[in-house]
Amino acid sequence: MQFETPMAKPEEKRPNVMKVIEREAIVRADVDGRSKLFVRRAAPKDRMCAGDIVQVETINSVSNPSLTSSFTGVCIAIYRRGIDTSFILRNIVQKVGVEVRYMAYSPLLKRIEVLQKAQRVRRAKLFYLRENPGKMFRQKMLTKSAKTS
Amino acid sequence: MIQLKSRLNVIDNSGAIVAECIKVLKNARWASVGDEIVVSVKKARPISEKTTNVQSAAKLRKGDVRRAVIVRTKKEIRRPDGRYVRFDDNACVLLNNNQQPLGSRILGLVSAELRFKNWIKIVSLAPRVV
Numbered sequence: 006m007q008f009e010t011p012m013a014k015p016e017e018k019r020p021n022v023m024k025v026i027e028r029e030a031i032v033r034a035d036v037d038g039r040s041k042l043f044v045r046r047a048a049p050k051d052r053m054c055a056g057d058i059v060q061v062e063t064i065n066s067v068s069n070p071s072l073t074s075s076f077t078g079v080c081i082a083i084y085r086r087g088i089d090t091s092f093i094l095r096n097i098v099q100k101v102g103v104e105v106r107y108m109a110y111s112p113l114l115k116r117i118e119v120l121q122k123a124q125r126v127r128r129a130k131l132f133y134l135r136e137n138p139g140k141m142f143r144q145k146m147l148t149k150s151a152k153t154s
Numbered sequence: 140m141i142q143l144k145s146r147l148n149v150i151d152n153s154g155a156i157v158a159e160c161i162k163v164l165k166n167a168r169w170a171s172v173g174d175e176i177v178v179s180v181k182k183a184r185p186i187s188e189k190t191t192n193v194q195s196a197a198k199l200r201k202g203d204v205r206r207a208v209i210v211r212t213k214k215e216i217r218r219p220d221g222r223y224v225r226f227d228d229n230a231c232v233l234l235n236n237n238q239q240p241l242g243s244r245i246l247g248l249v250s251a252e253l254r255f256k257n258w259i260k261i262v263s264l265a266p267r268v269v
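Chains as they are written, first to last, in my numbering: chain A, 6 to 154; chain B, 140 to 269.
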């Protein structure tokens, strides 16, 4: 995908090359509109927040894109770094905690779906859930999706 | 990042519960999922007094030295697509000298890295692979 004019905002008289490259890269990678989930200044109901229950479907093999595996978990951290945006999902599978860090704009990530929004979370990074899980991992959405995936 | 003196949970039914790494069997300091290590059993399931001497000689005791393959690590492992996977503990499965699992069942989750490192028997025995 080629851009004839660099993606600069009208107020940028001499646009920063790296910012332009980042913006264009995100537009190229944003096939299904997932960049809306990672906009910092959106309302909490429109973007992905720490504490949401998220289901991610990944393509296992490039030669056979219909083979997918899915993982559901509580989002405990989001690292907003432009094209390198990533997020960590945590779930307890067979009594063992598993954390997976996904690169948001990877073409192997078929679908990111927020199943349930966070409630009563007052932090951006929920690493305290590793020691104090509370009732966070007993929620219905997590166990329901675990049975189907 | 399992090295000398690292303790791992044993997740098969061989009788051992906790094992300590005493040697990493590759020319490196650390071992990760799918690497073979030599372990010493630190905690084992008690052997009942009813078994005869011959039977109990085959069961694992504290202090036995065996080989093992690492199946879960607390240190995150990078997958080729940029994903990182991390588990809450370090776990291993004990092996015999022919690289076959000692136990007949695996109780718990294993990492999918084992498939790429050709530990197919363990992947097939495991109840869940992530």
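Ideal placement from N, C-alpha and C gives every residue a C-beta, glycine not left out. Small disclaimer: the values here were computed from a predicted structure and weren't measured.
query = Exposed or buried, which one is A/GLU104 when buried takes at least 16 other CB atoms within 10 Å?
reply = buried
key: Exposed unless 16 or more other CB atoms sit within 10 angstroms - verdict on A/GLY56   = buried
inquiry  = For B/ILE261, which residues in the same chain have their Cβ closer than 8 Å to its Cβ, ignoring the five residues on either side in sequence?
reply    = VAL208, VAL210, VAL232, PRO240, ILE245, VAL249, LEU253
task = Report the rounded CA-to-CA distance for B/ASP203 versus A/LEU131, giving the unit in angstroms.
result = 41 Å
inquiry  = Output needed for A/GLY139: all residues of its chain with C-beta closer than 7 Å, excluding positions within five of it in sequence on either side, in chain order.
reply    = Excluding five sequence positions before and after A/GLY139, none of the CB atoms of its chain fall closer than 7 Å to its own CB.
ask   = Which chain A residues are close to B/ARG267, counting only those with a beta carbon under 7 Å from its beta carbon?
value = VAL98, GLN99
inquiry  = Give me the residue from B/ASN229, B/ARG222, B/ARG205, B/VAL268 with the minimum Cα distance to B/THR212.
reply    = B/ASN229
key: Spatially closest choice to A/CYS80 from A/VAL101, A/PRO70, A/ARG52, by CA coordinates   = A/ARG52
request  = Run the CB neighbour count on A/SER66, radius 10 Å, all protein chains shown included, and call it buried at 16 or more, exposed below.
outcome  = Looking at its Cβ environment, which holds fewer than 16 other Cβ atoms inside 10 Å, A/SER66 is exposed.
task = Using three-state DSSP, classify B/LEU253 as helix, strand or coil.
result = helix
query = Skipping 5 residues on each side, what residues in its chain have a beta carbon closer than 8 Å to that of A/SER154?
reply = With a pLDDT of only 48 at A/SER154, under 50, the local geometry of the prediction cannot be trusted, and no value is derived from it.
inquiry  = Going by C-alpha to C-alpha distance, which of A/GLU27, A/GLU17, A/LYS18 sits closest to A/PHE8?
reply    = A/GLU27
task = Give the range of the alpha helix (DSSP H) segment to which B/LEU264 is assigned.
result = 259–264
key: A/ARG46, DSSP secondary structure in three states   = DSSP places A/ARG46 in coil when its eight states are reduced to three.
ask   = Is it a yes or a no for the segment 114–130 of chain A touching the segment 172–181 of chain B, going by three-plus beta-carbon pairs under 8 Å?
value = Put simply, the segment 114–130 of chain A does not touch the segment 172–181 of chain B. Fewer than three CB pairs are less than 8 Å apart.
message = Using C-beta distances below 7 Å, list every residue in its chain close to A/VAL44, excluding the 5 sequence neighbours before and after it, in chain order.
response = ARG52
query = Using a C-beta to C-beta distance shorter than 7 Å, which residues of chain A count as neighbours of B/ASP227?
reply = VAL101, GLY102
inquiry  = Please state the DSSP three-state secondary structure of A/TYR110.
reply    = coil
task = Give the range of the alpha helix (DSSP H) segment to which A/VAL59 is assigned.
result = Premise fails: A/VAL59 lies in the beta strand (DSSP E), 58–64, not in any alpha helix (DSSP H).
task = Along the alpha helix (DSSP H) that carries A/ARG28, what are the first and last residues, could you check?
result = 22–34
request  = Assign A/LEU113 to buried or exposed, taking buried as 16 or more other Cβ atoms, counted over all protein chains shown, within 10 Å of its Cβ.
outcome  = buried
key: Alpha carbon of A/LYS18 to alpha carbon of A/PRO11, nearest angstrom   = Their backbone Cα atoms lie some 12 Å apart in a straight line.
task = State yes or no: is the beta carbon of B/VAL224 nearer than 7 Å to at least one beta carbon in chain A?
result = yes
task = Return the residue from the list B/ARG168, B/VAL180, B/ALA167 that minimises the CA-CA distance to B/VAL157.
result = B/VAL180
query = For A/THR63, is the classification buried or exposed, using 16 other Cβ atoms within 10 angstroms of its Cβ as the cut-off for buried?
reply = buried
query = Is there at least one Cβ from chain B nearer than 7 Å to A/GLU17's Cβ?
reply = no
ask   = B/GLY154: buried (16+ other C-beta within 10 angstroms of its C-beta) or exposed?
value = buried
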